[in-house]
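Trainee:
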Amino acid sequence: MARGSGSVLAAIGLALLLSAPGASARAADTAAVPDAAAAIDDLRRWVLETGDNQGLAFVIVDKREGRVAAYDAGGGLIGSAPALLGLALGDDSPPGIGDRALADIGPSERITPAGRFVAQLGENLSGNVVLWVDYDAAISLHPVATGKRSERRQARLDSPGGADNRISYGCINVPAPFYASVIRPMFQDGEGVVYVLPETRSMDAEFFGRTTGPGTGTGNGM
């Protein structure tokens, strides 16, 4: 989770307009967090219908199911894979967490923030190239970290379902082959967008109910 000296990445929150078929039914229950698979497809469609990805390739992270899906700029699926997420439930990073040592981060603070993030590749403190999702909060997407054997991170990725996929300090861990063959090539030439689905807020609150457009932030994921 530690940051490096690469390009500082601003976590920009933009949101989506609520205007597709079936939107009124969804708007009627803004308090409910929708089914994970349906939420991914809803978000993918809204990204394309609103142009929220600004013509960039994008990634959707599903915390509830522990999955990552990568799409080209036109919404075509490039690949998907299991993912490990932050140990704690929540949609907002604690203030100032990016400046703290891992040893000073408690279990309840190990959160993968929800929201829309402009992401790009850069180095971490170890000199490894990661995808910086929220640089200020030290949140990145990277190959699975297997240094601490007791955490069984690779085994968690290999197991079916997402019940045991909550273990990280907030970073998004994916299989090394998926990172090398899908994520890194996607972002090799510049920025892309990472969307992290909420788990404690509704999709309307996180995305659909907000005004889209450059410079409009959600306030989430910082």
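Quick note on the numbering used here: the sequence shown kicks off at 1279 and runs consecutively. Even for Gly, the Cβ is constructed at its ideal location relative to N, Cα and C.
1) State yes or no: is the C-beta of Leu1362 within less than 8 Å of the C-beta of Leu1435?
2) How big is the Cα-Cα spacing for Gly1448 and Ile1356?
3) Output yes or no for whether 8 Å exceeds the beta carbon distance between Ala1415 and Phe1465.
4) Use the C-beta contact count for Ser1386: other C-beta atoms within 10 angstroms, 16 or more gives buried, fewer gives exposed.
5) Measuring CB to CB, does Val1337 end up less than 8 Å from Tyr1473?
6) Along the chain, where does the beta strand (DSSP E) that runs through Pro1360 open and close?
7) Measuring CA to CA, which of Asp1467, Glu1327, Glu1343 and Gly1333 is closest to Pro1476?
8) If we count the other Cβ atoms within 10 Å of its Cβ and call it buried at 16 or more, is Lys1426 buried or exposed?
9) Identify the continuous alpha helix (DSSP H) that holds Ala1433 and give its terminal residues.
10) Using C-beta distances below 6 Å, list every residue in its chain close to Gly1440, excluding the 5 sequence neighbours before and after it, in chain order.
11) Is it right to say Thr1390 is buried, meaning 16 or more other beta carbons lie within 10 angstroms of its own, or is it exposed?
12) With DSSP run on the structure shown, which of helix, strand or coil describes Leu1367?
13) Rounded C-beta distance between Ala1452 and Ala1359? I'm assuming under 8 Å.
14) Answer yes or no: the CB of Ala1433 versus the heavy atoms of the ligand FAD, is any distance below 7 Å?
15) Roughly how many angstroms lie between the CA atoms of Gly1487 and Ala1316, to the nearest whole one?
16) With a CB to CB cut of under 7 Å and the five nearest residues on each side skipped, what residues in its chain are close to Ile1383?
17) So for Asp1412, helix, strand or coil by DSSP?
18) Of the residues Asp1442, Leu1409 and Gly1393, which one's Cα is nearest the Cα of Ala1366?
19) From the DSSP output, in three-state form, read off Ala1462 for me.
20) Would you tell me roughly how many angstroms separate the C-alpha atoms of Arg1323 and Lys1341, rounded to the nearest one?
21) Between which two residues does the beta strand (DSSP E) harbouring Pro1397 extend?
22) Give me the Cα-Cα distance between Phe1456 and Ile1450, rounded to the nearest whole angstrom.
23) Determine the contact status of His1420 and Leu1403, defining contact as a CB-CB distance below 8 Å.
Mentor: Let me lay it out:
1) Their beta carbons are under 8 Å apart, which means Leu1362 touches Leu1435 by this criterion.
2) Approximately 24 Å, taken between the alpha carbons.
3) Taking 8 Å as the Cβ cut-off, Ala1415 and Phe1465 do not qualify as a contacting pair.
4) Label assigned to Ser1386: exposed.
5) Contact flag set, yes.
6) Going by DSSP, Pro1360 is part of the beta strand (DSSP E) stretching over Leu1355 to Pro1360.
7) Comparing Cα-Cα distances from Pro1476 to each of Asp1467, Glu1327, Glu1343 and Gly1333, the minimum goes to Glu1343.
8) Counting Cβ neighbours within 10 Å, Lys1426 comes out exposed, since fewer than 16 surround it.
9) That run of the alpha helix (DSSP H) goes Arg1431 to Asp1436.
10) By the criterion of a C-beta distance shorter than 6 Å, Gly1440 is surrounded in its chain by Glu1343 and Gly1344, once the five residues flanking it on both sides are discounted.
11) The residue in question, Thr1390, is buried, as its Cβ has 16 or more Cβ neighbours within 10 Å.
12) Residue state, collapsed to three classes: coil.
13) According to the sequence provided, residue 1452 is Val. The question's Ala does not apply to it. Yes, Val1452 and Ala1359 are in contact; Cβ-Cβ is about 5 Å, under 8 Å.
14) The ligand FAD is not among the ligands present in this structure, which contains no ligands whatsoever.
15) For Gly1487 and Ala1316, the distance between alpha carbons rounds to 17 Å.
16) Closer than 7 Å at Cβ, skipping near neighbours: Ile1375 and Tyr1447.
17) Strand, per DSSP.
18) Proximity to Ala1366 across Asp1442, Leu1409 and Gly1393 peaks at Asp1442, based on C-alpha coordinates.
19) A quick correction: the sequence has Arg, not Ala, at residue 1462. It is helical.
20) C-alpha separation (whole angstroms): 19 Å.
21) Note that residue 1397 is Ala in the sequence shown, not Pro. Residues Gly1393 to Glu1401.
22) About 13 Å.
23) For His1420 and Leu1403, no; Cβs fall outside 8 Å.
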